[in-house]
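Student:
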Amino acid sequence: MPSLILYNGKIHTQDLKIPGATALAIRDRRILAVGTDADIRNLAGPNTRQIDLGGSLVLPGLSDSHFHYYDWALSRRWLNLTHAASLLDLREQVAHTASKIPPGQWILGRGWNETHWPVPQAPTRADLDGVAPAHPIILWRSDMHLAVVNSQALRKAAITGDTAAPREGVIDHDTSGQPTGVLRELAINLVSDILPAPSEDETIQAMRDGFATLHRLGLSGVHDYRIMGGADGPPAFRAWQRLQAASELAMRVWMNLPGERIDEAVSLGLRTGLGDPYLRIGHLKFFADGSQGARTAWMLEQYEDADYGLPLIPPSELAEAVRRADSAGLSVAIHAIGDRANREVLNIFERLAQSERLSVTAPPAAPHRIEHGQMIQTGDVDRLARLGIVASVQPIHVTDDIHMVDASVGPRARLAYRFRDMLDAGVRLALGSDCPVADPNPLWGIHAAVTRQRRDRTPPGGWYPEQRLTVAEAVWGYTMGAAFVSGREAELGSLTSGKLADIIVLDRDIYTIPPMEIAQAQVAMTIFDGQIVYGD
5 MPSLILYNGK IHTQDLKIPG ATALAIRDRR ILAVGTDADI RNLAGPNTRQ
55 IDLGGSLVLP GLSDSHFHYY DWALSRRWLN LTHAASLLDL REQVAHTASK
105 IPPGQWILGR GWNETHWPVP QAPTRADLDG VAPAHPIILW RSDMHLAVVN
155 SQALRKAAIT GDTAAPREGV IDHDTSGQPT GVLRELAINL VSDILPAPSE
205 DETIQAMRDG FATLHRLGLS GVHDYRIMGG ADGPPAFRAW QRLQAASELA
255 MRVWMNLPGE RIDEAVSLGL RTGLGDPYLR IGHLKFFADG SQGARTAWML
305 EQYEDADYGL PLIPPSELAE AVRRADSAGL SVAIHAIGDR ANREVLNIFE
355 RLAQSERLSV TAPPAAPHRI EHGQMIQTGD VDRLARLGIV ASVQPIHVTD
405 DIHMVDASVG PRARLAYRFR DMLDAGVRLA LGSDCPVADP NPLWGIHAAV
455 TRQRRDRTPP GGWYPEQRLT VAEAVWGYTM GAAFVSGREA ELGSLTSGKL
505 ADIIVLDRDI YTIPPMEIAQ AQVAMTIFDG QIVYGD
């Protein structure tokens with residue numbers, strides 16, 4: 005008999021065989037049955053708890069298909085500059101933080117975005133030196149592909165005017181040849197690698213603390229991504245395993261591995277999909293280019309205010325890595341933002357599809373994917389569909405990036421965030437946030453996908469509104485899309501008998517309210533693994 009029954013609801017199952025229902029039953033962490041109130045309530049026993057939903061909307065638990073969980077969990081303790089309104093505001097927040105800690109202690113911050121400021125000018129080491137000269141400082145831009153440091157941090161990292169940048173990075177210099185404090189891509193690691201590392205217990209506690217926050221947002225799963233060239237892979241994987249072993253992993257984690265670890269992954273015989281219902285090895289993550297905000301995304305034409313960007317891995321090296329991974333049963337996820345990067349990545353996948361698979365074992369358990377696919381030409385949208393590559397996209401970036409994209413590429417912005425074109429061409433979409441680059445609230449992501457407007461209703465009519473999705477399409481991207489791209493559609497993504505019981509209840513029907521109100525919707529209840537974890 006079921007342990008829990010939800011009835012008198014408006015259930016969007018995401019299952020075409022049962023598109024709508026009013027009740028469902030849960031037993032042993034799985035969905036026992038879905039149907040009418042009468043049919044489901046007849047299954048109840050003396051110990052079955054029954055909850056009247058009062059007509060509320062019910063959806064499968066949502067999964068974020070692109071989430072830097074380790075970085076988000078730890079950086080929640082840093083200086084949060086997401087709402088810094090200007091360079092002056094940023095400097096005042098840094099000065100306030102410096103006044104509260106001893107000289108010599110690091111100030112870590114993230115989230116600033118100069119494109120939202122009245123004067124869109126990125127900070128430099130001089131700006132930071134002027135307010136906190138006695139503290140080493142590193143502040144990541146919102147996209148995490150650029151950071152600014154002060155003179156103390158440059159000295160600690162032994163960065164001078166003569167320091168050579170890593171192959172996949174850039175150290176900005178002033179007219180006298182000295183570092184400005186602005187570091188791009190892997191040049192950031194020259195400083196981040198010398199930061200004091202959190203202990204394993206601190207890491208576990210920070211990651212554990214994040215579960216309740218995500219449950220309040222309706223999230224029951226994340227595809228956890230690595231930062232390029234960072235050292236976060238091993239500590240994150242250790243922490244996830246310890247949480248799982250202690251039965252404290254209240255999230256379904258698709259643990260993606262850093263592409264730099266391909267040799268170890270292949271030699272150990274790891275395969276995509278290894279794991280249990282809570283923690284699985286996911287894709288190998290590679291970076292084809294950088295970010296549009298940092299002007300390191302690789303473009304076919306020059307930026308309005310910079311050159312072409314750059315590849316972070318030479319295409320020939322990336323092609324060999326993809327071939328090796330595929331033949332070893334490891335799916336790949338490739339970060340590609342610029343239209344040149346997306347074209348080169350699709351060239352690689354096209355050659356792979358035309359070649360004879362070298363492995364004698366089964367192919368990878370999940371489809372290959374492109375992360376972001378931000379700027380893409382029409383012919384390449386069609387190739388993306390033809391090759392069966394999933395586009396893992398982040399709708400909330402649309403509304404966050406309007407000023408930046410318009411300024412960086414002008415009228416070519418029509419090629420950015422082409423979600424409708426992708427769907428119409430037959431591309432499968434998996435939706436996420438790229439948190440902490442953007443806010444993890446999936447309802448904000450659905451709102452952005454459906455309206456192409458900021459939450460303050462700008463711009464009127466939406467930014468390139470022809471690329472809008474419907475609510476149903478956006479919800480699919482956070483449910484079945486996320487399940488499909490991880491090869492888990494048989495157990496996740498819909499409210500179907502036998503699937504894992506991850507369920508949310510919303511305080512309003514996002515399918516029928518005015519689209520602008522979707523951003524105000526709240527999660528009333530979250531069920532994870534058959535247990536109510538929020539809103540009881």
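For the sequence shown, the numbering used here gives the first residue as 5, with consecutive numbering after it. Backbone N, C-alpha and C fix where the C-beta goes; we use that ideal spot for every residue, glycine too.
Tell me, to the nearest whole angstrom, how far the beta carbon of Gly13 is from that of Ser60; I am working on the premise that it is less than 8 Å.
Tutor: Rounded, the Cβ-Cβ distance is 6 Å, consistent with contact.
Student: DSSP on Ala325, reduced to helix/strand/coil?
Tutor: Reduced to three states, the DSSP call for Ala325 is helix.
Student: Hey, Leu329 and Leu288: beta-carbon distance below 8 Å or not?
Tutor: The question names Leu, but residue 329 is Ala in the sequence shown. Yes. Within cutoff.
Student: First and last residue of the alpha helix (DSSP H) that includes Glu206?
Tutor: Unbroken alpha helix (DSSP H) run through Glu206: Glu204 to Arg220.
Student: Compute the Euclidean distance between the alpha carbons of Gln457 and Ala487, then round it to the nearest angstrom.
Tutor: Each residue's alpha carbon lies about 27 Å from the other.
Student: Using DSSP's beta-bridge definition, name the partner residues of Phe569.
Tutor: Nothing in the structure corresponds to residue 569, since the chain is present only between 5 and 540.
Student: Output the residue ranges of the beta strand (DSSP E) runs that lie fully inside the segment 435-518 and measure 3 residues or longer, sorted by chain position.
Tutor: Segments of the beta strand (DSSP E) lying fully in the segment 435-518: 507-510.
Student: Inspect the CB distances between the segment 236-245 and the segment 202-209 and report whether three or more fall short of 8 Å.
Tutor: At 8 Å Cβ cutoff, the stretches touch.
Student: If you follow the beta strand (DSSP E) that Pro544 is in, where does it begin and where does it stop?
Tutor: One cannot answer for residue 544 here, as it falls past the ends of the chain, which runs 5 to 540.
Student: Cutting at 8 Å between CB atoms, please list the residues of its own chain near Leu391, excluding the five before and the five after it.
Tutor: The answer, listed in chain order, is Leu350, Phe353, Glu354 and Ala357.
Student: For Ala42, which residues does DSSP report across the bridge?
Tutor: According to DSSP, Ala42 bridges with nothing at all.
Student: Please state the DSSP three-state secondary structure of Gly24.
Tutor: In the structure shown, Gly24 sits in a strand (DSSP, three-state: E or B).
Student: In its own chain, which residues sit with a C-beta less than 7 Å from the C-beta of Thr128, not counting the 5 before and 5 after it?
Tutor: Result list for Thr128: Val152, Thr184, Gly185 and Val186, in chain order.
Student: Could you tell me whether the Cβ atoms of Ile30 and Gly24 are closer together than 8 Å?
Tutor: Not closer than 8 Å, so no.
Student: Under 8 Å: do the segment 132-142 and the segment 185-201 share three or more Cβ pairs, one atom per stretch?
Tutor: Yes, the segment 132-142 is in contact with the segment 185-201.
Student: On the three-state DSSP scale, how would you describe Thr389?
Tutor: It should be noted that the sequence gives Ala, not Thr, for residue 389. In the structure shown, Ala389 sits in a helix (DSSP, three-state: H, G or I).
Student: Can we say the segment 35-55 touches the segment 90-105, given the rule of at least three CB pairs closer than 8 Å?
Tutor: The segment 35-55, when compared against the segment 90-105, does not touch it at the 8 Å Cβ threshold.
Student: Would you kindly check if the distance between the Cβ of His227 and the Cβ of Phe71 is under 8 Å?
Tutor: Result yes, Cβ atoms of Phe71 and His227 sit closer than 8 Å.
Student: Take Ile605 as the anchor and find which of Ser67, His120 and Ala235 has the nearest alpha-carbon.
Tutor: Beyond the ends of the chain as shown, which are 5 and 540, falls residue 605; an answer cannot be given.
Student: Secondary structure at Thr119, three-state DSSP: helix, strand or coil?
Tutor: DSSP places Thr119 in helix when its eight states are reduced to three.
Student: Kindly list the residues whose CB is nearer than 8 Å to the CB of Val364, restricted to its own chain and excluding five residues on each side of it in sequence; keep chain order.
Tutor: Model confidence at Val364 stands at a pLDDT of 44, short of 50, so the residue's coordinates are unreliable and nothing is read from them.
Student: So what does Tyr538 bridge to, in DSSP terms?
Tutor: Answer is Thr530.
Student: Excluding the 5 residues preceding and the 5 following Arg53 in the sequence, name in chain order all residues of the same chain whose CB lies nearer than 6 Å to its CB.
Tutor: So the qualifying residues of the chain are Leu8.
Student: Expressed to the nearest angstrom, what Euclidean distance is found between the alpha-carbon atoms of Pro281 and Arg256?
Tutor: So the two alpha carbons sit approximately 7 Å from each other.
Student: Report all residues from its chain with a CB closer than 7 Å to the CB of Arg147; omit the five preceding and five following residues, and keep chain order.
Tutor: Note that residue 147 corresponds to Asp in the displayed sequence, not to Arg. Within the same chain, Asp147 has close Cβ partners Ser295, Gly297, Ala298 and Val441.
Student: Starting from the C-beta of Pro463, find all residues in its chain whose C-beta is less than 8 Å away, skip the five residues before and the five after it, and write them out in chain order.
Tutor: Answer for Pro463: Ile406 and Gln457, listed in chain order.
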